[in-house]
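Numbering (my numbering), first residue to last: 11 to 179.
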């Protein structure tokens, strides 16, 4: 998934490459390309990756293979735009950028709020995402009361389009 991929360039092999920020970005791109070669090249499947690290490594985004599906996760209650995930809290239109570059996207709301699911869906609709991936963490004791309603909510939102042949989201 490559989300929150911190500590890039700290091993003995990578350290010399990551002496500057461009080298650190290049290491991240090398990992993406390595995974892409295995998943797309050898296995004939598509790579899906979380997009949060492109807040830091935005310069390499145009170099990422275009068949990679970008999963854009946003967990705030009201998604009117894409907020930075970490300390910068920038407000960007990442889905517009992904469309411009030719990436397919999936949105990733959190399971703890149907408001988050509804508002990211409304925000993303003009950008024609490929789908929705409701994110969850360990809910074995509360699956029916916590996760299932969120998944159903997301599924209902994604199923009421009049022309499903053209709008796959």
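Note that the Cβ used here is the ideal one computed from N, Cα and C, for glycine as well.
Identify the continuous beta strand (DSSP E) that holds residue 82 and give its terminal residues.
Taking the chain shown and counting its residues from 1, the one referred to as residue 82 is at position 72. Unbroken beta strand (DSSP E) run through residue 82: 79-83.
When DSSP labels each residue in this structure, what does residue 11 get in the three-state scheme?
On the chain shown, residue 11 is found 1 positions in, with the first residue counted as 1. Coil.
Just curious, the alpha helix (DSSP H) that residue 124 is in, first and last residue?
Within the chain shown, the letter at position 114 stands for residue 124. Residues 124-134.
Cβ shell of residue 164 (< 8 Å), same chain only, five flanking positions each side left out
Here residue 164 refers to the residue found at position 154 of the chain shown. Excluding residues within five positions, the ones whose Cβ falls inside 8 Å are 119, 127, 131, 142, 144.
Residue closest to residue 116, alpha-carbon to alpha-carbon, out of 110, 86, 78, 102:
In the chain shown, residue 116 corresponds to position 106, counting from 1. Checking every option, the nearest Cα to that of residue 116 belongs to 78.
In the DSSP assignment, find the unbroken beta strand (DSSP E) run with residue 94 in it and report its ends.
Reading the chain shown from its first residue, position 84 is the one you call residue 94. Here residue 94 belongs to no beta strand (DSSP E), and DSSP marks it neither H nor E.
Since residue 67 contacts residue 35 with CB under 8 Å, what's their CB separation in whole angstroms?
Numbered from 1 along the chain shown, position 57 holds the residue referred to as residue 67. Numbered from 1 along the chain shown, position 25 holds the residue referred to as residue 35. At roughly 5 Å, the Cβ-Cβ gap stays under 8 Å, so residue 67 and residue 35 are in contact.
Let me know the secondary structure DSSP gives residue 41 once reduced to three states.
Here residue 41 is taken as the residue at index 31 of the chain shown, counted from 1. In this structure, residue 41 counts as helix in the three-state DSSP scheme.
For residue 11 versus residue 80, is the C-beta distance shorter than 7 Å?
By 1-based counting over the chain shown, the position of residue 11 is 1. By 1-based counting over the chain shown, the position of residue 80 is 70. Cβ atoms of residue 11 and residue 80: not closer than 7 Å.
Quick check: what's the CA-CA separation for residue 23 versus residue 42?
Working through the chain shown from its first residue, we reach residue 23 at position 13. Working through the chain shown from its first residue, we reach residue 42 at position 32. About 17 Å.
Other residues of its chain near residue 39: CB distance less than 8 Å, five sequence neighbours each side excluded:
Locating residue 39 in the chain shown gives position 29, counting from the first residue. If we look at residue 39 and ignore the five residues flanking it on each side, its Cβ neighbours are 67, 70, 73, 74.
May I ask which residues mark the beginning and end of the alpha helix (DSSP H) holding residue 27?
One-based indexing of the chain shown puts residue 27 at position 17. Residue 27 -> no alpha helix (DSSP H), and no H or E assigned at all.
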